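Using full-length UniProt numbering, you'd call the opening residue of the sequence shown number 1 and step up by one each time.
What follows is a short report on a single structure.
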Amino acid sequence: MSAGGSRLTSATALPEDSKHTQDWQLFASTSCQSCSVTTDAAAVLSQVSSSPTALHNMATVAGSRGASAFGSFATGKALRGACRAGAFAGPTAGQAPGHVQANLVILPGRYAEQFSDFCAQNSAPCPLLEATAVGSYEPTRLAPGADLRTDLPKYHVWREGEMVEERTEVLDLWRDDMQGFLLGCSFTWEDLLAEAQLMPRHIQEQRNVPMFNTSIKLRSSGPFQGNMVVSMRPYRPEDAAGPVSDITGRYLAAHGPPVHIGEPAEIGVKDLSKPDYGEAVSLRAGEVPVFWACGVTPQNALRNARLPLVITHAPGHMFVGDVRNDELLSWPVPGSWNARPTE
1 MSAGGSRLTS ATALPEDSKH TQDWQLFAST SCQSCSVTTD AAAVLSQVSS
51 SPTALHNMAT VAGSRGASAF GSFATGKALR GACRAGAFAG PTAGQAPGHV
101 QANLVILPGR YAEQFSDFCA QNSAPCPLLE ATAVGSYEPT RLAPGADLRT
151 DLPKYHVWRE GEMVEERTEV LDLWRDDMQG FLLGCSFTWE DLLAEAQLMP
201 RHIQEQRNVP MFNTSIKLRS SGPFQGNMVV SMRPYRPEDA AGPVSDITGR
251 YLAAHGPPVH IGEPAEIGVK DLSKPDYGEA VSLRAGEVPV FWACGVTPQN
301 ALRNARLPLV ITHAPGHMFV GDVRNDELLS WPVPGSWNAR PTE
């Protein structure tokens, strides 16, 4: 398999083991707007078993169109099944409404205590939802039975502080000394904004959310240090200060309320048309940029830490769990929320 490519080839036959068959049943039975194929599970499995190329074709279509496949999956389990089968590699904004989404960091267990402390001291960008046991790739709180090595659309591989590879699974990179960390994500509450007629612009425009490096300094812990990354969604000032802040502010385990509203330069953002991660969106007349702490922040800290090997999600391509977003209202997060951790 080529790094970052489909896990399936034109020679791939229908997996005989029940686990992978179930993955395809989950994918096939989902209302998958990203594919021009039938969504009936039995029909898909029949089609695949009768044609060696069908499985490859479905994966190719779903993966290539994944960036515009907003709302294709109803549950986290269905999305994870598609990722595991190599059939979905797009951004997860708008996917599995009502289900918690999370940022991922996988690193050697010897750094776990310092990284956990870094998260606790900077809980706005790094709200820690779950840490697996050392050597375990199963997040038993957020999604029992899930596999952090295969169940995200895209991963980034870091060596000595440099992002060296993007891929769709990391099975061969996993080691017994590794530990997974899942951090809250703003995608969790985007469906609530949509219900309030405050649809995020990047979902409207079928883009990955724009994210920016800032001048907001973080508290350090061991080798982990750096500045905050923020995501941006434009709104009218009265909406930003009112319902948008009210809705998102309830979810401190998913970054909470905005950390800044208005002038980008005040937090070191130079050009809204050139995000550091994700894609630019339109800013309409009468709107202001609204910024939230972002779970890509640890990737800045990891760049500075220069660890031999770290694995993260690709920005915008999150882990989607089974926990419902309203459960996060009472989810304990280490540390206290602070828009300016060092002030």
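A virtual CB, placed ideally from N, CA and C, is assigned to each residue, including glycine.
The model shown is predicted, which means the values in this text are computed figures rather than measured ones.
Counting of Cβ neighbours within 10 angstroms places Asn-122 among the buried residues, the total reaching 16 or more.
The shortest CA-to-CA distance from Ala-74 to any of Ser-220, Pro-97, Arg-110, Ala-85 is the one to Pro-97.
A straight line joining the alpha-carbon of Asn-227 with that of Pro-91 spans about 24 Å.
Remark: three or more beta-carbon pairs, one from each stretch, lie closer than 8 Å, so the segment 164-184 and the segment 309-320 are flagged as touching.
Residues Gln-225, Gly-226 of the same chain have their beta carbon placed closer than 6 Å to that of Asn-304, with the five preceding and five following residues left out of the count. Taking Met-199 as the centre and dropping the five residues before and after it, the same chain places the C-beta of Leu-193 closer than 8 Å to its C-beta, in chain order. Taking 8 Å as the upper bound for CB-CB distance, Val-244 and Pro-125 are not in contact here, some 18 Å apart. Judged by their CB atoms, Val-296 and Met-232 are not nearer to each other than the 7 Å cut-off. With respect to Val-134, Gln-204 sits apart: the two C-beta atoms are not nearer than 7 Å. For Met-199, DSSP assigns no beta-bridge partner whatsoever. No residue range can be given for Ala-314, since it is assigned to no alpha helix (DSSP H) and is classified by DSSP as neither H nor E.
By the neighbour-count criterion, in which a residue is buried when 16 or more other Cβ atoms sit within 10 angstroms of its Cβ, Arg-149 is buried.
Counting the other CB atoms within 10 Å of its CB gives Gln-101 a total of 16 or more, which places it among the buried residues. Counting only residues of its own chain and dropping the five nearest sequence neighbours on each side, Thr-188 has a CB closer than 7 Å to the CB of Val-100, Gln-101, Tyr-251, Ala-254, Asn-325, Leu-328. According to the DSSP secondary-structure assignment, Phe-181 is paired through a beta bridge with Val-105, Ala-131. In this structure Arg-80 is buried. Its beta-carbon is surrounded by 16 or more other beta-carbon atoms within 10 angstroms.
The beta carbons of Leu-182 and Pro-139 sit about 6 Å from each other, so the pair counts as a contact at 8 Å. Per DSSP, Ala-293 lies in no alpha helix (DSSP H); the unbroken beta strand (DSSP E) holding it starts and ends at 288-293. Inter-residue distance for Glu-279 and Thr-132 is about 31 Å (C-alpha atoms, whole angstroms). Taking 7 Å as the cut-off, the Cβ atoms of Cys-83 and Pro-144 do not count as close.
For the options Lys-270, Asn-213, Phe-88, the alpha carbon positioned closest to that of Asp-151 is the one of Phe-88. The C-alpha of Phe-118 lies about 6 Å from the C-alpha of Ser-220. Distances from the alpha-carbon of Glu-190 to those of Asn-213, Gly-249, Pro-298 put Gly-249 closest. For Trp-337, the closest of Pro-258, Gly-242, Val-320 by C-alpha to C-alpha distance is Pro-258. When rounded, the separation of the alpha-carbon atoms in Pro-298 and Arg-340 is 16 Å.
Pro-237 and His-260 have their C-alpha atoms spaced approximately 12 Å apart. The three-state reading of DSSP puts Pro-234 in strand, counting E and B together.
Per DSSP, Thr-248 lies in no beta strand (DSSP E) segment; the continuous alpha helix (DSSP H) that holds it begins and ends at 245-249.
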